[in-house]
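2 protein chains.
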Amino acid sequence: MSIVVVGSVALDSVYTPFGRAEDALGGSAVYFTTAASVYDRVNVVGVVGEDFPEDCLGFLRSRDADLRSLQVAPGKTFRWGGRYALDMNSRETLFTELGVFGEFQPSVPAEFGCSEVVFVGNIHPQLQLEVLQQTEDGDQTPRLRALDTMNLWIETTRDELTEVLRRVDLVLLAEEEVRQYAGTPSLRVAARQILDLGPKRLAIKQGSYGALLLGADGGYFAAPSFPLDDVVDPTGAGDAFAGGFLGYLSGRLRSGEALTERDYQRALVHGNIMGSFACEDFSVGRLRTVTMEDVEDRYQKLVGFTHFDSDWRDGGEDG
Amino acid sequence: MSIVVVGSVALDSVYTPFGRAEDALGGSAVYFTTAASVYDRVNVVGVVGEDFPEDCLGFLRSRDADLRSLQVAPGKTFRWGGRYALDMNSRETLFTELGVFGEFQPSVPAEFGCSEVVFVGNIHPQLQLEVLQQTEDGDQTPRLRALDTMNLWIETTRDELTEVLRRVDLVLLAEEEVRQYAGTPSLRVAARQILDLGPKRLAIKQGSYGALLLGADGGYFAAPSFPLDDVVDPTGAGDAFAGGFLGYLSGRLRSGEALTERDYQRALVHGNIMGSFACEDFSVGRLRTVTMEDVEDRYQKLVGFTHFDSDWRDGGEDG
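Residue numbers (numbering that gives the first Met the number 0), protein chains in the order written: chain A, 0 to 318; chain B, 0 to 318.
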């Protein structure tokens, strides 16, 4: 057991200019788990209603995910509906039916406390805090605690969110969330404001542009996205990014060695790769078929897409 | 003599949330020349009015730019005014006073025909075509013809613009211009539509995200921008990008060797570097002081910001 994720398990209805999916498997914990389980075992902390389809549970089990903390509660599963604009970059929420997710009380079994990585996905900061506390009980604490959030919590529960930010090692946020939290247009100034709270690193998700990694020590790294001809459905790409990022790091931690800056840089690339797979179909349609060979293929292509000669004065070939 | 540029020479009034500059030296040919002249000699084809300040002419001469084709016409210099929003990404045009630029008839002396690089900046496509024809007279034709344009010409003179696109080797456009020309939200599909017209390469400027290079042969390369804490004024960054890109290539061509894909990749990085300098002050305030050592410093930092291990399975150190 290596990664604990807490987040939503949902049924999504997504409408794009080019297609639709209704009541399809979704939610941050699902996208995360599907991506991260390519690398390591995932313990899912979440809740579904009694209406949650058996084949969706079966799919999660097929990922070798530990579902002991996925509660099945009386009531309906969290449902979200959204419609994308023609450019696929902006979307409107059509409906949000919290169902059993509205009363969700996460419970992390003691044996998950030995997980090396804990990811508190986009839920109320108070619940994120409880999950972190539950995994910190006892002698064994996670070696890497990571957090995601969303504009709603930045607006409505800023103080509680700040408390959680102080307690994690790694923060994964979308670019606009970084600016929103810090209240400044300069991304680097905003990033430093978050890093000054305590996290060692901040990964900034920039959608089709890729991602940045900023360190409390001043470190900076930029990884462009894997280019796609067509984006079928970007829903869950940020969660799949987190899954690739933390899945890769969890695998590295299993080797027993401490994580290096290079591990984090590679992890950022793995995050982008998983984000790209998420965009290629509705729900986890493409993600569920991803193999390590698919990952390797995109990884090597990204090496070619981004590396340039360090010697530009005489046309050296050492890059 | 190695680069011919045709474009605007202007006096800009720029207002940002953090400062202002009035009647300051600007225009696409000016930003291009200031950046490109770090690498190679530039022949400026343009027009100014009799009111153009002597110290601005003196500055251009100090760049070792050939001003024989910079006409001084009776009337006023082209003036543009713009105001940036808080995020510095969007701006509104406050005024456009074409002045002598409205009747501009570019004239390229025969001796400029031996220039290796011709850049037709953002002017009416008919004038771009005339400049290209003037540089193609005789036996010697430029080894690299490059083009920029803007949304106005895509909207109002699409057919003429298409004619010019058919005649150049390299196109430099902003992301939204690529989509606008092709009429499709998929950037890669849009890029192919432009490359299918004949250009071998398309450089796509993505502002603070950096730039992409796409080839007619399917080649793909992504270069993130050089990160800045604060953007003082992004006016002219795209033209400085073009200056760095083509300036570097022109310098490479002087060596007598044919340009390789690696040269173009390095050129994209140089474009981003010059774009970053342009943003650090109003007008050419920072660009004018850039040395080759400044360029080298940002280039090596970008190597560190973007290169990652090609071997991720065992933590190899070969990247």
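Where is the CB? At the ideal position from N, CA and C, for every residue including glycine.
Within the 7 angstroms Cβ cut-off, does residue i reach chain B?
{"i": "residue 198 of chain A", "result": "no"}
{"i": "residue 302 of chain A", "result": "yes"}
{"i": "residue 185 of chain A", "result": "yes"}
{"i": "residue 297 of chain A", "result": "no"}
{"i": "residue 161 of chain A", "result": "no"}
{"i": "residue 221 of chain A", "result": "yes"}
{"i": "residue 261 of chain A", "result": "yes"}
{"i": "residue 30 of chain A", "result": "no"}
{"i": "residue 85 of chain A", "result": "yes"}
{"i": "residue 228 of chain A", "result": "yes"}
{"i": "residue 10 of chain A", "result": "no"}
{"i": "residue 208 of chain A", "result": "yes"}
{"i": "residue 152 of chain A", "result": "no"}
If you drop the 5 nearest sequence neighbours on each side, which residues of the same chain put their C-beta closer than 7 angstroms to that of residue i?
{"i": "residue 21 of chain B", "result": "12"}
{"i": "residue 245 of chain B", "result": "2, 35, 116, 118 and 145"}
{"i": "residue 279 of chain A", "result": "227, 231 and 285"}
{"i": "residue 265 of chain B", "result": "247"}
{"i": "residue 121 of chain A", "result": "6, 27, 147, 148 and 149"}
{"i": "residue 167 of chain A", "result": "144, 145, 146 and 198"}
{"i": "residue 72 of chain B", "result": "46, 48 and 99"}
{"i": "residue 183 of chain B", "result": "189"}
Compare the Cα-Cα distances from residue i to each of the options and report the closest residue.
{"i": "residue 126 of chain B", "options": "B/105, B/270 and B/32", "result": "B/105"}
{"i": "residue 321 of chain A", "options": "A/224, A/185, A/232 and A/74", "result": "In the structure as shown, chain A starts at 0 and stops at 318, and residue 321 of chain A therefore has no counterpart that could be examined."}
{"i": "residue 267 of chain A", "options": "A/212, A/8, A/141 and A/177", "result": "A/212"}
{"i": "residue 347 of chain A", "options": "A/29, A/4 and A/37", "result": "Any question about residue 347 of chain A goes unanswered here, given that chain A covers just 0 to 318."}
{"i": "residue 207 of chain B", "options": "B/281, B/229 and B/190", "result": "B/229"}
{"i": "residue 309 of chain A", "options": "B/282, B/255 and B/262", "result": "B/262"}
{"i": "residue 169 of chain A", "options": "A/85, A/129, A/298 and A/258", "result": "A/258"}
{"i": "residue 274 of chain A", "options": "A/204, A/214 and A/255", "result": "A/204"}
{"i": "residue 306 of chain B", "options": "B/221, B/287, B/283 and B/237", "result": "B/221"}
{"i": "residue 294 of chain A", "options": "B/311, B/165, B/287 and B/282", "result": "B/311"}
{"i": "residue 176 of chain B", "options": "B/185, B/254 and B/153", "result": "B/153"}
{"i": "residue 277 of chain B", "options": "B/107, B/243 and B/214", "result": "B/243"}
{"i": "residue 298 of chain B", "options": "B/269, B/91 and B/69", "result": "B/269"}
{"i": "residue 90 of chain A", "options": "A/97, A/80 and A/96", "result": "A/80"}
Can you find a CB in chain A that lies within less than 7 angstroms of the CB of residue i?
{"i": "residue 142 of chain B", "result": "no"}
{"i": "residue 257 of chain B", "result": "no"}
{"i": "residue 319 of chain B", "result": "Residue 319 of chain B is absent from the structure shown; chain B starts at 0 and stops at 318."}
{"i": "residue 268 of chain B", "result": "yes"}
{"i": "residue 265 of chain B", "result": "yes"}
{"i": "residue 134 of chain B", "result": "no"}
{"i": "residue 307 of chain B", "result": "yes"}
{"i": "residue 14 of chain B", "result": "no"}
{"i": "residue 311 of chain B", "result": "yes"}
By DSSP, does residue i sit in helix, in strand, or in coil?
{"i": "residue 12 of chain B", "result": "strand"}
{"i": "residue 97 of chain A", "result": "coil"}
{"i": "residue 265 of chain A", "result": "helix"}
{"i": "residue 225 of chain A", "result": "coil"}
{"i": "residue 91 of chain B", "result": "strand"}
{"i": "residue 283 of chain B", "result": "coil"}
{"i": "residue 71 of chain A", "result": "strand"}
{"i": "residue 253 of chain B", "result": "helix"}
{"i": "residue 47 of chain A", "result": "strand"}
{"i": "residue 344 of chain A", "result": "Look at the range of chain A in this structure, 0 to 318, and you will see that residue 344 of chain A is not part of it."}
{"i": "residue 152 of chain A", "result": "helix"}
{"i": "residue 240 of chain B", "result": "helix"}
{"i": "residue 275 of chain A", "result": "helix"}
{"i": "residue 296 of chain A", "result": "helix"}
{"i": "residue 124 of chain B", "result": "helix"}
What does a CB cutoff of less than 6 angstroms around residue i pick up in its chain, not counting 5 residues either side in sequence?
{"i": "residue 192 of chain A", "result": "181"}
{"i": "residue 55 of chain B", "result": "24"}
Give me the DSSP bridge partner(s) of residue i.
{"i": "residue 219 of chain A", "result": "A/213"}
{"i": "residue 18 of chain A", "result": "A/15"}
{"i": "residue 173 of chain A", "result": "A/204"}
{"i": "residue 42 of chain B", "result": "B/3 and B/65"}
{"i": "residue 118 of chain B", "result": "B/4 and B/145"}
{"i": "residue 77 of chain B", "result": "B/9"}
{"i": "residue 23 of chain A", "result": "A/11"}
{"i": "residue 83 of chain B", "result": "B/90"}
Give every residue of the same chain whose Cβ lies closer than 8 angstroms to the Cβ of residue i, excluding the five residues on either side of it in the sequence, and list them in chain order.
{"i": "residue 156 of chain B", "result": "123, 124 and 125"}
{"i": "residue 64 of chain B", "result": "32, 36, 40, 41, 42 and 43"}
{"i": "residue 162 of chain A", "result": "124 and 128"}
{"i": "residue 15 of chain A", "result": "82, 83, 87, 231 and 232"}
{"i": "residue 291 of chain A", "result": "37"}
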